[in-house]
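In this note's numbering, the protein residues as written are 8 to 425. All residues carry an ideal CB built from backbone N, CA and C; glycine is no exception. These numbers come from a predicted model, not from an experiment. This report refers to the structure that appears directly beneath it.
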Ligand SMILES: Cc1cc2nc3c(=O)[nH]c(=O)nc-3n(C[C@H](O)[C@H](O)[C@H](O)COP(=O)(O)OP(=O)(O)OC[C@H]3O[C@@H](n4cnc5c(N)ncnc54)[C@H](O)[C@@H]3O)c2cc1C
């Protein structure tokens, strides 16, 4: 069984990382900055604050790095979630460029963290329908001409087939700025770095509620802070009505196979994803297994047989793997917003939130945590910029948003199959 708290059983990541134990809060605590959530966002904030000598405390309800940050596909994407042309239409050329620069800074920040997490460069985005080529060509043209981004290249149908080891795609775009990594090693490396600078990290210490910057944990302990950063992403339902109305958890699923017989699948060891609305994404692990993500659901529960669900999607791309054993299967919860733009806000004078990165948190979340830290230490430029992204409440409000969302997302998932 795979669970939604703590490191999931059957996770290849948990099997291949050295997972340290952190203490649980056992007394009341006073701290300058309380951070809810020990994933990339919370750890990115903690790292920046503690580097500046600021007293901060991370409160993690499960284990450190056991949320989406320790469960995800490890795909490194470049750019913001909203494409630059859309941002230019919304905010004009200058501001769109600021968003682009921010995304490039986020990508550089990932490298600068300098954490040993098996990073491999290169990502292929493959078109499951010919019509997706035009979108990618327009994107490449735009970012090349406007921002000088020159790491994109196009693959013909034949080149895509050779690269990926499947002939189901019509071609694709290669991003040399993308890549893949071991996400749990990244999260734990960030945690160790933050701890070495003085951050206090607690796990199995769930925050039940907060009132201003005073927190109550599920074990009754109290935290008194001067500032509060809320970094619970898809795992914090019930903490804040304001956040719940705008940030929606959804589940996504991954499997890992036994070692592949050869290197014909992903022969250059790039990451791959496709143009489906419910995206398939895959990569090779250092021990030559296929790590394949595909399939999601929009309920508070995981399906009973995750391996079978994801395997169905994998076999549509790699029917030759029909006899290969599936050794691992697990799920995780990420967060989306109505517009797919992240929800980054100052909620009250001393309370801040950053969440809702969709499937792009590997690059953005660590950096957005850093931006929250910067905002409370006097530089709120990036927070102000991100706050301009519209993230309206989901239709139906907090109680009815699930049915509305399921209807909406299921429609697009159905279109994938047409
Ligand atoms: C299956 C899957 C595949 C994905 N694939 C990719 C990918 O390939 N590339 C990519 O860029 N992104 C991917 N993502 C998204 C990415 O993982 C997330 O955007 C990112 O990890 C978010 O980081 P975070 O720190 O904000 O959230 P999380 O890592 O989820 O951390 C939030 C933490 O807050 C804790 N928490 C919540 N509420 C409380 C509370 N009340 N008290 C104490 N603690 C609390 C949770 O336990 C959790 O550990 C994927 C996500 C999933 C689930």
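- A distance of 8 Å or more separates the beta carbons of residue 64 and residue 31.
- At least one heavy atom of ligand 1 is found less than 7 Å from the C-beta of residue 362.
- Residue 258 sits close to residue 304, with the two beta carbons spaced by under 8 Å.
- Nearest neighbour of residue 86 by Cα position, chosen from 184, 139, 134, 201, turns out to be 184.
- Between ligand 1 and the CB of residue 40, the shortest heavy atom gap is not smaller than 7 Å.
- Taking residue 365 as reference, the option from 383, 82, 177 with the minimal CA-CA separation is 82.
- The alpha-carbon of residue 68 is positioned some 19 Å away from that of residue 254.
- Bounds of any alpha helix (DSSP H) do not take in residue 189, whose DSSP letter is neither H nor E.
- Nearest to residue 150 by C-alpha distance, out of 79, 94, 399, 170, is 94.
- The alpha carbon of residue 20 has as its nearest neighbour, out of 134, 403, 296, the alpha carbon of 296.
- Contact check for residue 275 and residue 66: beta-carbon distance about 42 Å, past the 8 Å limit, so the pair fails to qualify.
- For residue 281, the beta-bridge partners assigned by DSSP are 133.
- A straight-line Cα-Cα distance of about 7 Å links residue 260 and residue 313.
- Taking C-alpha positions only, residue 371 is separated from residue 244 by approximately 21 Å.
- Residue nearest to residue 179 within the set 126, 381, 374, 282 is 282 (criterion: CA-CA distance).
- Distances taken from the Cβ of residue 84 to the heavy atoms of ligand 1 include one shorter than 7 Å.
- Per DSSP, the beta-bridge partners of residue 182 are 130, 159.
- Contact between the segment 41 to 48 and the segment 327 to 345 is absent: fewer than 3 CB-CB pairs across the two stretches fall below 8 Å.
- 102 is the residue among 22, 102, 171 whose C-alpha sits nearest the C-alpha of residue 392.
- Residue burial is scored here from C-beta neighbours: residue 270 has fewer than 16 other C-beta atoms within 10 angstroms and is therefore classed as exposed.
- Distance between residue 52 and residue 361, taken at the CA atoms: about 10 Å.
- Taking the CA atoms as reference points, residue 237 sits about 45 Å from residue 327.
- Rounded to whole angstroms, residue 18 and residue 292 show a C-alpha spacing of 13 Å.
- For residue 376, the enclosing alpha helix (DSSP H) begins and ends at 368 to 383.
- According to DSSP, residue 335 shares a beta bridge with 263.
- For residue 144, the enclosing alpha helix (DSSP H) begins and ends at 139 to 154.
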